[in-house]
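So in the working numbering, spot 37 of the sequence shown is number 58, and the numbers just go up one at a time.
Glycine included, every Cβ here is placed at the ideal spot set by N, Cα and C.
Here is the structure we will look at.
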Amino acid sequence: MNETVAAVIIALLVIDLIGLLLVGIRISGQSADSRQMWGRLITLEGRVDNLPTHRDLTELRSGISEVVETVATISGQTQAMTQMLRTIQEHLLENDR
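Below, the structure written as structure tokens:
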């Protein structure tokens, strides 16, 4: 009986040891996954920090609107100057005839 109890205790200890080894392997695998996920989060945060915010995009849009207005003004002035030059040219050509 003593030998049977000792054998059962040894068998249970071996089963416990195997279980602990499996749990340890699983935990070490999870910590590698956790480190990988942590690295991904840090990379994602770095990317998000460099992305433009809503305010940045609004400022960009207003800046583009100002440029569009300036270009439209210059275009209108250029058309007016072109028309004046044509009128002057026509007037000079009429005087030469």
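- For THR108, the enclosing alpha helix (DSSP H) covers residues 75–117.
- The C-alpha of THR25 is placed about 37 Å away from the C-alpha of GLY50.
- Straight across, the Cα-Cα distance linking ILE31 with ARG56 is about 37 Å.
- A straight line joining the alpha-carbon of PRO73 with that of ARG82 spans about 12 Å.
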